[in-house]
Amino acid sequence: MVLDIIIYYNLVVIFYFLVLNFYYIFLLLLASDTLFYYQRTRQLRNPRKEANPLAASIAILAPAHNEEPTIVESVRALLHVEYPELEVIVINDGSKDNTLTVLKNAFKLFAVPRAAETRITTKPVKGIYQSAVDRRLTVIDKENGGKADSLNAGLNTSRSRLFCAIDADSLIEKDALNRLMQYYLEREAKTVALGGVVRIANDCRIENGEVIEARVPKKFLPAMQVMEYIRAFLCGRAGWNKLNSLLIISGAFGLFERKSVMECGGYRTDTVGEDMELVVRLHRMMRQQKKPYRVVFVPDPVCWTQAPDTLKVLERQRNRWQRGLIETMLHHWKMIGNPRYGLPGAIGMPYFLFFEVLGPVIEITGYIVVIISYIFGWINLTFLLLFISLAILFGVLLSLFSLLLEEFTVKKYENPKDVIKLFILAVLENFGYRQLHSWWRLKAIFDFIGRKRSWGEMQRKAFAP
156 MVLDIIIYYN
166 LVVIFYFLVL
176 NFYYIFLLLL
186 ASDTLFYYQR
196 TRQLRNPRKE
206 ANPLAASIAI
216 LAPAHNEEPT
226 IVESVRALLH
236 VEYPELEVIV
246 INDGSKDNTL
256 TVLKNAFKLF
266 AVPRAAETRI
276 TTKPVKGIYQ
286 SAVDRRLTVI
296 DKENGGKADS
306 LNAGLNTSRS
316 RLFCAIDADS
326 LIEKDALNRL
336 MQYYLEREAK
346 TVALGGVVRI
356 ANDCRIENGE
366 VIEARVPKKF
376 LPAMQVMEYI
386 RAFLCGRAGW
396 NKLNSLLIIS
406 GAFGLFERKS
416 VMECGGYRTD
426 TVGEDMELVV
436 RLHRMMRQQK
446 KPYRVVFVPD
456 PVCWTQAPDT
466 LKVLERQRNR
476 WQRGLIETML
486 HHWKMIGNPR
496 YGLPGAIGMP
506 YFLFFEVLGP
516 VIEITGYIVV
526 IISYIFGWIN
536 LTFLLLFISL
546 AILFGVLLSL
556 FSLLLEEFTV
566 KKYENPKDVI
576 KLFILAVLEN
586 FGYRQLHSWW
596 RLKAIFDFIG
606 RKRSWGEMQR
616 KAFAP
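If you count by my numbering, then the sequence shown holds residues 156 to 620, one letter each, in order.
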């Protein structure tokens, strides 16, 4: 009886990897079409990158908590972004260090009696300041409430039509907002959210808050994340974009229509995955209202961010992402497989439930059961090789094809040594790195069941030149 269960479970694992790889191939084909179309039309859109006179106003919202070492450099970089109607709103979320003091000194902040909307309830705002150096800069000082609460405070204060939510330690390319705006204006339906690409800034050459030269990091862990981000954005998100089923816009770089976000209640503060939850809620609201809309991924505008360079910090990040995903699925379980919510509900939500939420359980137990089965002779060599092909070798091919898409379309890395290094990493990530992530995600499931809700401390480091 036990042997029969083990054999049947081996078949379940093989079926799981077959369906998963089918999804990957499907997304890769859709992504290829999206990226090559973008490459063909990129220069036709705005060859001189000048601002569009029809461009809507944008507020950059940057929550900051204990960011004293990097906050001034980060804000200066945000003020260097080229966009005609721009607000930069930094939200000091109850910092215990001198974040607010260094901002006051660097940008000559003065208190203003600016009344904020109270449509979204937040922790109390202690003061609002404006810069005498650059009137586009506003700083909100509030009691600690977390990232989502800080973004809601920024939404209440902003007067712009759109807002861009970023991390305080991120660098936006100078023309990134103009590029996103081109896609916002080129619409056959209401565009409620747009997302660009997040890339790893570790060891890149940076001058005056701008990435001058993209480089693959010297350290192994951040370098591996470069390859991981390329596959996630240029394969995964570009593919889902083709289906208008994009469920994730990175919290490090997303552009949203402020009115729509305010209408659906702003960011939830009871989840650690507020970015994905908001996008799913926007899909749900627009589908319920039966209004045509778009949630768009644009493959060229880039936001550069510092990647974790230690296993401990990286594990915290991925643990939080997994718990946030589970929370989003639970908050919007009625959408899963429900045709009322179109392709996002019928295809997108089931994919994330079965392959992202439950995937680590099947993958980790699958490795264990298949290896034990082969050792005891319950499966033959042919079955073992089929499992390895589906679980590992197919992953190598998908990573390599994702990298080829990068090289033939957006191509951010010009140095041949960096390109060679990325191809090596595309192979290596499937032998240990991906399995380690599955283990972390499995642990996150148990943490969620154990009601762990903490964000987890993330270490901030200054951008190196």
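No residue lacks a Cβ here, since even glycine has one placed at the ideal position from N, Cα and C.
- Measuring C-alpha to C-alpha distances from Glu240 to each of Gly249, Asn176, Cys319, Thr277 identifies Cys319 as the nearest.
- Proximity of the segment 533-550 to the segment 433-440 falls short of the contact definition, fewer than three beta-carbon pairs being nearer than 8 Å.
- Within the segment 430-514, the complete alpha helix (DSSP H) segments of 4 residues or longer fall at 466-486, listed in chain order.
- By the neighbour-count criterion, in which 16 or more other beta carbons inside 10 Å mark a residue as buried, Ile226 falls on the buried side.
- In this structure, DSSP gives Arg596 a helical state, which the three-state scheme calls helix.
- For secondary structure counted as the alpha helix (DSSP H) over 4 or more consecutive residues, the segment 342-430 holds these complete runs in sequence order: 375-386, 393-397, 413-418.
- Looking at the DSSP output, Asn247 bridges to Ala219, Asp296.
- In the structure shown, the three-state DSSP call for Ile579 is helix.
- For Gly282, the uninterrupted beta strand (DSSP E) run begins and ends at 280-286, by DSSP.
- In the three-state reduction of the DSSP assignment, Ile527 falls in the helix class, which pools H, G and I.
- Per the DSSP secondary-structure output, Phe318 pairs in a beta bridge with Ala214, Phe411.
- Setting aside the 5 residues that flank it on each side, Leu234 is surrounded in the same chain by Val243, Asp289, Arg291, Leu292, each with a C-beta closer than 7 Å to its C-beta; the list follows chain order.
- Here DSSP, grouped into helix, strand and coil, assigns Ser325 to strand.
- Remark: C-beta atoms of Val353 and Phe408 approach each other more closely than 7 Å.
- Rounded to the nearest whole angstrom, the CA to CA distance from Gly492 to Leu498 is 9 Å.
- Residue pairing by DSSP puts Glu242 in a beta bridge opposite Ala214.
- A buried status is given to Gly249, since no fewer than 16 other beta-carbon atoms sit within 10 Å of its beta-carbon.
- Here Pro279 is exposed: its Cβ has fewer than 16 other Cβ atoms, across all protein chains shown, within 10 Å.
- For the set Lys251, Gln443, Gln380, the Cα lying nearest the Cα of Val468 is the one of Gln380.
- If you ignore the 5 residues before and after Pro218, its C-beta comes within less than 7 Å of the C-beta of Ile246, Asp248, Lys302, Ser305, Leu306, Ala323, all in its own chain and listed in chain order.
- In this structure, Ile213 and Ser325 do not form a Cβ contact; the two beta carbons are roughly 15 Å apart against a cut-off of 8 Å.
- Per the DSSP secondary-structure output, Phe265 pairs in a beta bridge with Gln285.
- Proximity to Glu365 across Thr312, Leu376, Glu222, Trp459 peaks at Trp459, based on C-alpha coordinates.
- About 21 Å separates the Cβ atoms of Pro515 and Ala462, ruling out a contact at the 8 Å cut-off.
- The three-state reading of DSSP puts Val565 in coil, since its state is none of H, G, I, E or B.
- For Val457 against Leu401, the beta-carbon gap comes to about 17 Å, at or over 8 Å, which does not count as contact.
- As the crow flies, the alpha-carbon of Ile543 is around 15 Å from that of Val167.
- Less than 7 Å divides the Cβ of Val294 from the Cβ of Leu264.
- In the DSSP assignment, Thr312 falls within the alpha helix (DSSP H) that extends over 302-312.
- DSSP, read as helix, strand or coil, puts Ile162 in helix.
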